[in-house]
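Whatever position you read off the sequence shown (first residue = 1), add 19 for the working numbering. All residues carry an ideal CB built from backbone N, CA and C; glycine is no exception.
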Amino acid sequence: MGTLWELYKGKDFDVKPTLERIKKACDYIGNPQRDYPSILVGGTNGKGSSCAFTERILREHGFKTGWFVSPHLISENERWRINGKPIEEGVLKDYVKDLKKVFEKFSLTYFEAATLIAVKYFKDQGVDVAVFEVGMGGRWDATKVSDAIIRGITNVERDHTKWLGDNVEKIAEEKLGLYEEGKPLVLGSARYPLYTKALEMELKNLKVAGIDYEYYGRVERERTYLESYESENFKLRNAELSLWGKWQIDNASLAISLCSEFTEMKEEKVKEALKNTLWEGRMEVLRGEPILMVDASHNPYSVLKVVKLVKKYFPKVRVAYSSLQGKEWELTLKLLRNLLEEIYLLPIDYYRAESLDNLENFAKEIGFKTKVFTIEELLNFEEDLLVIGSIYLVGEVKKYLQGIKQGFIF
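Listed below in structure tokens is the structure:
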């Protein structure tokens, strides 16, 4: 028996909007998710970074943590972590072997099967608390089976419109489906439509950025700082963040709010956690001079936001882009055309990748100067580079660089 990815090869993105299968599967194996408390984080952008900060803060305070991540960047075992360390491949294969009949009995999708492994693995490892990252949406996401005692939503933008709805109001409603009465829901934004929709739905026990907790920070060329955070439960001043970008100030603040609902915190431990949080592939600098930065953003407005910020601090940066099918890449390229004259295009070795011909033809049609490169060709350039558009693209760049470092590529 191989990994879960191998078992579901070519069927890893099946989406079936119901919680019935995963609930029955969890019940069948004894509902291990009920043996430890969980925190669940959703949202269009920043949920992964927010989970990373949350997990690191909890670990810094002495809790043994489980952490469920999606999607993976390089290796599938990244998805299941204990105290930040990915599951060993042999252990993962054992879980796949042991649970395969359960996957089949309840016709679980790949993500449901991954969630089932997570809830059992975390129980078997005796975690004190688990952090779950929502896969998509909220209302029907398999991670809801975690029965989290605290939930958070970072923000809402257009994404996964095929499944979540074609406007931000519908998407907000789907994401707010994470809510469960009697349990706190932390909102990382008081902006329309997230907070507006929450009020319209008459959700209770909300903790909202700018209302229930306030913060501000600053971004420098190579550093990001959370200068102030204040809520009824916790205060913090002058914290350096390990992750770069102004939205990481938002993500760190959401994480602090989630953790403050779970435990009493110490300012110095929170600072230490924020300074040492690792989250690969998100505003990650892989090379200094000239700079090579990678970011896994894929939806149009988050890509635009990242490119704008990077160009502010690195005006000569070249942007290398690619996309999966169905990711509104036409809109992304249209938005980027207002910022850029030229764009580099890269292949992605994944069956859901958009064809380079389609990307290049459309880019030229809207006035871009385009160049198509392999990753190897691109990384030999002596110029500032930002690689963006897909977590699978970022993973390939990192794998290539790891190969060079380990002596596998000459």
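Cβ shell of residue i (< 7 Å), same chain only, five flanking positions each side left out
| i | result |
| --- | --- |
| K35 | T128 |
| K181 | Residue placement at K181 cannot be trusted, given a pLDDT of 48 that sits under 50; the coordinates are not used to answer. |
| E379 | L364, T389, V391 |
| G157 | G61, E193, K194, L195, G196, L197 |
| R356 | I385, G386, F387 |
| K216 | E188, A191, E192, L195 |
| C278 | T73, I76, L77, M284 |
Environment of residue i [buried if 16+ CB atoms lie within 10 Å]
| i | result |
| --- | --- |
| V148 | buried |
| P334 | exposed |
| I230 | exposed |
| D269 | buried |
| V304 | exposed |
| M220 | exposed |
| G300 | buried |
| K139 | buried |
| G109 | exposed |
| G422 | exposed |
| N399 | exposed |
| I358 | Note on identity: in this sequence residue 358 is Leu, with Ile being the wrong assignment. Under this definition L358 is an exposed residue. |
| E373 | buried |
| L218 | exposed |
| E415 | buried |
| G307 | exposed |
| E251 | exposed |
| E39 | exposed |
| R170 | buried |
| N257 | exposed |
| K30 | exposed |
| K254 | exposed |
| K116 | exposed |
| K290 | buried |
| G81 | exposed |
| Y27 | buried |
| E347 | buried |
For residue i, the residue or residues it bridges with in DSSP
| i | result |
| --- | --- |
| K390 | Y363 |
| A209 | Answer is none; A209 lacks a bridge partner. |
| I101 | G85, K104 |
| E379 | Looking at the DSSP assignment, E379 forms no beta bridge with any residue, so it has no partner. |
| M312 | V304, L405 |
| V256 | Inspection of the sequence shows that residue 256 is occupied by Arg rather than by Val. For R256, which the question treats as bridged, DSSP gives the partners S247. |
| K226 | V205 |
| S57 | A149 |
| Y234 | Y248 |
Chain-order list of residues whose beta-carbon lies under 8 Å from that of residue i (same chain, five-residue window excluded)
| i | result |
| --- | --- |
| K42 | V164 |
| V325 | G264, M302, D314, S316, L405, I407 |
| L352 | Y340, I362, L378, F381, A382, I385, F387 |
| L328 | V238, G264, K265 |
| V121 | A44, Y47, I48, L127, L135 |
| L343 | H317, I367, Y369, R371, A372, E373, S409, Y411 |
| T37 | W159 |
Anticipated Cβ contact below 8 Å, residue i with residue j, distance rounded
| i | j | result |
| --- | --- | --- |
| S89 | E152 | 6 Å |
| W298 | G67 | 6 Å |
| D166 | Q52 | 6 Å |
| V413 | L92 | 7 Å |
| T84 | E97 | Contact doesn't hold; Cβ gap of about 15 Å is too wide. |
| A44 | F125 | 4 Å |
| L449 | V205 | There is no way to answer for residue 449, as the model of the chain reaches only from 20 to 429. |
| N224 | K202 | 7 Å |
| E259 | K294 | 5 Å |
| E395 | Y419 | 7 Å |
Neighbourhood of residue i by C-beta, 6 Å cutoff - its chain only, sequence neighbours within 5 removed
| i | result |
| --- | --- |
| R100 | W86 |
| P56 | V148, I168 |
| G236 | Y244, L245, E246, I268 |
| A161 | I41, F130, E131, T134 |
| Y411 | I367, Y369 |
| E402 | P309, R337 |
| K331 | none |
| G184 | Unreliable positioning characterises G184 in this predicted model, as indicated by a pLDDT of 48, which lies under 50. The coordinate reading is nonetheless provided below. Closer than 6 Å at Cβ, skipping near neighbours: I190. |
| T296 | A71, F72, R75, S261 |
| I106 | N96, W99 |
| A292 | R75, I76, E79 |
| W24 | E95 |
| H179 | Bear in mind that the predicted position of H179 carries a pLDDT of just 45, short of 50, making it too unreliable to give a figure here. |
| A137 | F87, W99 |
| G145 | none |
Closer than 9 Å to chain B by CB, residue i
| i | result |
| --- | --- |
| N399 | Checking the listed chains, one finds no chain B in this structure; it contains a single protein chain. |
Between the region 311–320 and the region 283–296, are three or more C-beta pairs nearer than 8 Å?
no
Pairing CB atoms from the region 362–373 with CB atoms from the region 381–390, are three or more of them under 8 Å?
yes
Would you check if there are 3 or more beta carbon pairs closer than 8 Å linking the region 187–199 to the region 58–69?
The region 187–199 is in contact with the region 58–69.
Check whether the region 225–243 touches the region 205–213, counting contact only when three or more Cβ pairs, one atom from each stretch, lie closer than 8 Å.
Per the Cβ contact rule, the region 225–243 is in contact with the region 205–213 (3 or more Cβ pairs under 8 Å).
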